[in-house]
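The structure appears right after this line, and notes come after that.
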Amino acid sequence: MIPKPSTIKRHLEAIITGLKYIFVKNRLTLRYPEMVQLLSENYRGMIKYYMDRCISCTLCARICPADAIKMYTVGENKLPGINYMRCIFCGFCVDICPKEALEFTNIHDLAYYTREEQIQKPIEFSKGPPKPIFKKEPMKIVVKLDKSRGLKYERT
Amino acid sequence: MSEDKFMQVLIGPQHPGSGHMRFIVKMDGDIISEFEPDIGYVHRAVEKIAESKRYIQIVPLVERPILADTANINLGYILALERLLGIDAPPRAQYLRTLLAEINRIHSHLYGLGIHGIMIGSSTIFMWCFADREIWIELAQELTGARITYSYMIPGGVRRDLPNGFNEKLSKAIAYMEERLKDYEKIFINNPVVTARLIDVGIIKKDDAIKLGIVGPNLRASGVAYDVRKIEPYCAYPEIDFDIIVRKEGDAYSRVLVRFEEIKQSMKIVKQVVEKIPSGPIINESYLKLIPPKLREKAEQTGIWKMPAIFINLKPRKGEAISRVEAGRGEVTHYIVSDGSPNPYRFRVVTPSFRNLIAFKYTMPGHRLADIPAIYGSLDYFPPSADR
Amino acid sequence: MVFSITRSLKSFGKFLRRILIRIIEKRPIRDIRDWGISYSLWPAHFTTACCGAEFAAASAPRFDAERFGFLPFTSARQCNVVFIEGTLSRKMAKAARMVFEQMPEPKFVIAMGACPIDGGIFWNSYNIVLAHNILPVDVYIPGCPPRPEAVARSIMMLQDKIKKMGGAKYDELK
Amino acid sequence: MMSLNELKEMIEKELGALAFKVDSEAPNLIIINVEAPNLFEVAFKLNHMGFDHVKVVTGTDYPIEKKIELVYHVSSYTNIDLAKVIIALKIRLDKSNPKVKSLVKIWPSAEYLERETYDLVGIIFEDHPKLERLLLPSDWDQIPPLWKDFKIKTEGIDA
Amino acid sequence: MISLDQIIRLIFFPPIFITIVFPGLIALLIVIVFLIWLERKIAAKVQLRYGPLYILKPLGGVIQTVADLLRYLFAEVIIPRRADKFSFIMAPILSFGFAFIPIVALPISSKYFAFKSDLSLLVVLALLTIAPIFILIIGWASDNKFSFIGSLREGYMIMAYEVPLFLSVLAMAILYNTLDIIEIVETQSKWVWGILLNPIAAFVFLICTFMMTARFPFEISEAEQEIVMGPFTEYTGIIFGLCMSYSYIKLYILSLLFAYLFLGGWYPIVWPFTLNPIMPGIITLIKGLIVMIIGIFLRSVYPRFRVDQTLRIGWEGMFVLSIVALILSFSLVILVK
């Protein structure tokens, strides 16, 4: 098989393209523990619950597709609590709440060592999701789209 | 034939080239003589669970199996449901649906291309595709608030309006992508090793493609110009100009090329959508008036619409509806049988991957062991969606 | 005669191994080992379900888990982490157990996504198995699917756990 | 261009007495009810008309009537006119003995769809090239999961 | 009582120094650690990301491979029940050993070498060709279908690369009129580098090197997506570490050989390298490293060929080209005379 000229050209093109990327500044990586992307306001992350606004209408528990929200009896009221082991972050509960007692937060980067700590009863639920722990204060960045580099990260 | 002549090789499910399935391969030397896909490793009983769920709760449920292409499968379900409910989405919502569906098609195709790349050994194209996929995911996240499980379309409309400055971002993304696709061509599409691996491998002839009933880009690569977006236009597609990409060869390489060209077509559609999008409400009037006025005012400012409480108890008429939608990997068919209660009586979804499954059995024999990943990748098969 | 020799050889081998483990479990060597393991977590190529898409995104350029020395690798024999990426169906659970058993000690399990933790939206399916019922899970990542950042966080948490608790659990030899 | 009604009439004429009821439902559905023994012949004729592939095979359980309804959704790739329509070919089978002749010989595309229906609904397709478990584990010993008497657990909204 | 002087003299005694220090074991280990890291890093750069980083952030994670080796060292060694235990353990060690032995025949400079032989080039090549045979044994001993297929592929690959490799070396031997590596380098310092004299032979040698060491696009015997890890599928722990470094050792030796044959070896010697007879070796190493880097860079450009395509390249491409290289050498020799 004597390679045809076009084959050689295509080999060269592929190698040159590869070489080009070695020398161009183009990294797309969000260095996660050092940089944290500020998700937009409407990001459907973990949910914060305002106990004072809640009217115990049970709509959130009834729409939850994964049966993650359950109504707990607290004193005389029935208040929602969430089970993050099941939550699928569809945000239906927030969207159907007529009193805005549930609200999205943009926290969605948590992991746990045990299963038990992922169930939040109403009182814990109203304290909001736990803040992710960082060893060093991370740099908060926003994502911008860019014509030449795709994604660009800018400090806020 | 003596048993000794054949060697049975079991590939998967823990295998870098198998995905969530197992291949039972009978080998005659290096040549495959029998190929049987063994699926069901991700069977989660979507159809059974759906019977225990309310109609609105099925929206996230149908998305899960076909995670790489959630918007399209969601759209198909909503279309079927709307047919049963007898309502329609306002024009702006139709355009927004089209927008998300096309953005999703782009990143779904990039996903497929990337997986195909790694299957034949090119880690670079995998990484590139997954990198550029992030740009479209970022855009979709801006629009819907989630990375890939959008749950964006609801009966009678969509959940969120177009955010500010979206058009500008989109045009930047398209400009970037067009540049990048040129590099894709150089390093992958035209790479002599890739062409050597893919050309004339895994040929599905036009007649066979029709007979086996395969769908999507795989069908179009075999020379059948079938695209639900043209055959039975839904959402905003009737008003949008785009081409169906068809190739005659039917081999693995042409399937790659069809997908590659469809990315360009999708970008063309997305451009038109944001130009033509009309103003107006994004949820059907009949649901809109059920939202408390205070929340409605707020939603008009923020663009994040609330759901009316009736969504818990959607009761469609008694009867059945079928809808088809062209998803990234091909035609998705949803079939709902309703008995008038708030839960569906029978919910059936046939995903493109399940219909493409048959292609494995009839294309693989006669090829070499090394061709399995090359053909598998070119079919863009997504096992969870086949198993449901 | 031959049997007794092999038996004594075997017991001698066991004895040697025990001594070796004793030495390894001593401070400086143990620290070095745990440091090495924590920066060399190689998950097996074993996608159980759809969370694999986000797992791939976590090793893809934008989130690049390889920064932590995290390299998805081919065969279970050479890996030390098994990522349960989404739902474990009954069929897959058998495979998952097998993959886990094939891996050499020390090995770790991360359950990714709502499905393997508590079923997620599929909690009432007839065909799923929960990860903690069949495998000793070290870290749970909630979400459906979890964000790639959460995957990176789980890797960091696992590294912390290894450094704190020690990498190896040579249980059956003790 | 052929309207839905024209096509319906054409199918009625073609099938004659084989189909006992032909319905059309907007925008794209034609429903043909068939007796089980006639199914193979009807399918043959439809295939001849140009409906060349099966999209969906569905089995629905109706426990009160003790019937299982089997639906083939059929359409065309080659003929653009026919492609715009989906045909639902419906057969009612006894739940005690859900047996029907497989259509794989006419529509090879039905192979895995029928096999799945066998797996999940328990309909036995005679002459099917490989009627084995597909999605369920091979040691599945309960009743087919998509029957209504196969109950899955549900939870209330209270903890 | 052995004095310090004696110890130093012992260390710098060529046969010991060459096997243990440079280009032997220690240098080899450093090069492998560096090379695997670099491979991941280069691929990462082309793929728009960082690659290994946090293990040693100021230096870009250069000791990543050390961590991996440590993990291998402390991992449990599993021997499959159905495997042939003796050959399962011995074959990787022997293949590692036979891949390693040729280093002894590599000279550092014209004054510093383990032994001088008229046939040192042949010794290197002959020893290198023994190692793949143990890969075949590995495949048989593992009792795993993927290992078996992988080792068969390795066997096929031997067919593809061995003849062209030898022919291209022969072409150079004809040009230099010797089989002694030292003489070859000396001859090049008088004329020009071999790569300019016979570029075809250099090209064939390079491609065959990549085939022999399973670099992309010829990474066929370990094709991940097809046959998992090829022959090494069943290996765990430190034995797998040996298996993994096996192809890098071959790459190391063949790259050094390429430097000797085509890039002028340790010439030109400039000032700091004239100080002692070991220093010129560094020049060879740098030249060899360049070849190795080309090899590992190709990973980020190419997918892999099929085994039948590689055989075709070997026989229809490389074999023909190596014959052309032979003819070129002959004609050059005749022309000069």
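Chains as they are written, first to last, in our numbering: chain A, 536 to 691; chain B, 20 to 407; chain C, -2 to 171; chain D, 2 to 160; chain E, 2 to 338.
We put the CB at the ideal spot given by N, CA and C, even for glycine.
Contacts around residue i, its chain only, beta-carbon distance under 7 Å, and the 5 residues preceding and following it disregarded
| i | result |
| --- | --- |
| phenylalanine 114(E) | Pro15, Pro108, Ile183 |
| aspartate 119(E) | Leu180, Asp181 |
| isoleucine 26(C) | Ile20 |
| lysine 171(C) | Since pLDDT at lysine 171(C) reaches only 35, below the 50 mark, its modelled position is unreliable, and no value is offered. |
| arginine 87(C) | Asn124, Val126 |
Under 7 Å by beta carbon: chain C residues contacting residue i
| i | result |
| --- | --- |
| glutamine 48(E) | Pro58 |
| serine 71(B) | Asn121 |
Neighbour list for residue i in chain E, Cβ cutoff strictly below 7 Å
| i | result |
| --- | --- |
| isoleucine 152(C) | Going along chain E, no residue has its Cβ under 7 Å from isoleucine 152(C), so there is no contact; the nearest lies around 10 Å. |
Beta-carbon gap between residue i and residue j smaller than 7 Å
| i | j | result |
| --- | --- | --- |
| leucine 81(E) | glycine 140(E) | Looking at the sequence shown, residue 81(E) is not leucine but proline. Not a contact, by the Cβ cut-off of 7 Å. |
| aspartate 62(D) | lysine 149(D) | yes |
| alanine 603(A) | alanine 147(C) | no |
| alanine 62(C) | alanine 128(C) | no |
| leucine 6(B) | proline 109(D) | It is not possible to answer for residue 6(B), since the shown part of chain B is limited to 20 through 407. |
| glycine 176(B) | isoleucine 296(B) | no |
| proline 304(E) | glycine 140(B) | yes |
| leucine 176(E) | serine 330(E) | yes |
| glutamine 33(B) | alanine 92(C) | yes |
| alanine 111(C) | isoleucine 623(A) | yes |
| isoleucine 259(B) | aspartate 246(B) | no |
| isoleucine 8(E) | tyrosine 249(E) | no |
Interface residues of chain A facing residue i [CB-CB closer than 9 Å]
| i | result |
| --- | --- |
| tyrosine 177(E) | Chain A residues near tyrosine 177(E): none, gap ~28 Å exceeds 9 Å. |
| lysine 188(B) | Lys679, Leu680 |
Spatial neighbours of residue i in its chain, beta-carbon cut-off 8 Å, leaving aside the 5 residues before and after
| i | result |
| --- | --- |
| tryptophan 39(C) | Phe67, Leu68, Pro69, Phe70, Gln75, Cys76, Asn77, Val78 |
| glutamate 169(C) | Residue placement at glutamate 169(C) cannot be trusted, given a pLDDT of 41 that sits under 50; what the coordinates show is reported in the next sentence. Closer than 8 Å at the Cβ level, and outside the excluded window around glutamate 169(C), lies no residue. |
| lysine 670(A) | Pro568 |
| proline 673(A) | Pro568, Glu569, Met570, Val571 |
| glutamine 653(A) | Asn618, Tyr619, Met620, Tyr647 |
Neighbour list for residue i in chain D, Cβ cutoff strictly below 9 Å
| i | result |
| --- | --- |
| valine 275(B) | Per Cβ cutoff of 9 Å: no residues; valine 275(B) is ~22 Å from chain D at best. |
Under 8 Å from the C-beta of residue i: neighbouring residues of chain E
| i | result |
| --- | --- |
| threonine 143(B) | Ala44, Val47, Gln48, Ser301, Val302 |
Sequence-distant residues of its chain with Cβ nearer than 6 Å to residue i (five each side left out)
| i | result |
| --- | --- |
| aspartate 120(D) | Arg134, Leu135, Leu136, Leu137 |
| asparagine 612(A) | Ser591 |
| proline 538(A) | Bear in mind that a pLDDT of 46 at proline 538(A), under 50, signals an unreliable position, so the model cannot answer this. |
Within chain D, the residues that residue i reaches when beta carbons sit closer than 7 Å
| i | result |
| --- | --- |
| alanine 596(A) | Ile158 |
| arginine 87(C) | Pro138 |
| aspartate 602(A) | Glu156 |
Cross-chain neighbours of residue i in chain B, by beta carbon under 7 Å
| i | result |
| --- | --- |
| asparagine 618(A) | Within chain B, no residue comes near asparagine 618(A); the closest Cβ sits about 16 Å away, beyond 7 Å. |
Residues that residue i contacts on chain A, provided the C-beta gap is smaller than 7 Å
| i | result |
| --- | --- |
| tyrosine 157(E) | Result: empty, since nearest Cβ-Cβ is about 17 Å, beyond 7 Å. |
Neighbour list for residue i in chain E, Cβ cutoff strictly below 9 Å
| i | result |
| --- | --- |
| asparagine 209(B) | Per Cβ cutoff of 9 Å: no residues; asparagine 209(B) is ~12 Å from chain E at best. |
Closer than 9 Å at the beta carbon, the chain B residues around residue i
| i | result |
| --- | --- |
| alanine 92(C) | Gly31, Pro32, Gln33, Arg41, Tyr60 |
Partner residues on chain C for residue i, Cβ-Cβ distance less than 8 Å
| i | result |
| --- | --- |
| isoleucine 590(A) | Simply none; closest approach about 27 Å. |
Which of the residues in the region 146 to 157 of chain B, read from start to end, lie with their CB under 7 Å from any CB of chain A? For the region 146 to 157 of chain B, the beta-carbon criterion of a distance under 7 Å to any beta-carbon of chain A is satisfied by Ala150, Asp151, Glu153, Ile154, Glu157.
Beta carbons nearer than 9 Å to chain A: which residues of the region 293 to 309 of chain E have them? Near chain A, meaning a CB-to-CB distance below 9 Å, the residues of the region 293 to 309 of chain E are Phe298, Leu299, Ser301, Val302, Tyr303.
So, does the region 319 to 328 of chain B touch the region 189 to 198 of chain B, judging by three or more C-beta pairs under 8 Å? no
For the structure I just gave you, are there three or more beta carbon pairs, one from the region 357 to 376 of chain B and one from the region 114 to 128 of chain B, closer than 8 Å? no
With three or more beta-carbon pairs closer than 8 Å as the criterion, would you say the region 343 to 360 of chain B touches the region 203 to 210 of chain B? no
Mind listing which residues of the region 142 to 158 of chain D have their C-beta closer than 9 Å to chain A's C-betas, in chain order? Under the 9 Å Cβ criterion, the region 142 to 158 of chain D contributes Thr155, Glu156, Gly157, Ile158.
Near-chain A residues of the region 24 to 43 of chain C (beta-carbon distance less than 7 Å), N- to C-terminal order: none
Count the CB pairs spanning the region 105 to 118 of chain B and the region 170 to 186 of chain B that are closer than 8 Å, and state whether there are at least three. yes
Three-pair Cβ contact test at 8 Å for the region 251 to 271 of chain E versus the region 94 to 104 of chain E: yes
Indicate whether the contact test is met: 3 or more Cβ pairs, each with one atom in the region 40 to 51 of chain B and one in the region 83 to 99 of chain B, closer than 8 Å. no
By the 7 Å beta-carbon criterion, what residues does the region 549 to 572 of chain A contribute toward chain E? Ala549, Ile550, Gly553, Tyr556, Ile557, Asn561, Arg562, Leu563, Thr564
Between the region 125 to 146 of chain C and chain A, which residues of the former have a C-beta closer than 7 Å to a C-beta of the latter? Of all residues in the region 125 to 146 of chain C, His129, Val136, Tyr137, Ile138, Pro139, Gly140, Cys141, Arg144, Glu146 have a Cβ within less than 7 Å of some Cβ in chain A.
Decide yes or no for the touch test of the region 62 to 77 of chain D against the region 95 to 106 of chain D: beta carbon pairs closer than 8 Å, at least 3 of them. yes
Please identify, using Cβ separations under 9 Å, the residues of the region 90 to 122 of chain D that lie next to chain B, in order along the chain. Trp108, Pro109, Ser110, Ala111, Glu112, Tyr113, Leu114, Glu117, Asp120, Leu121
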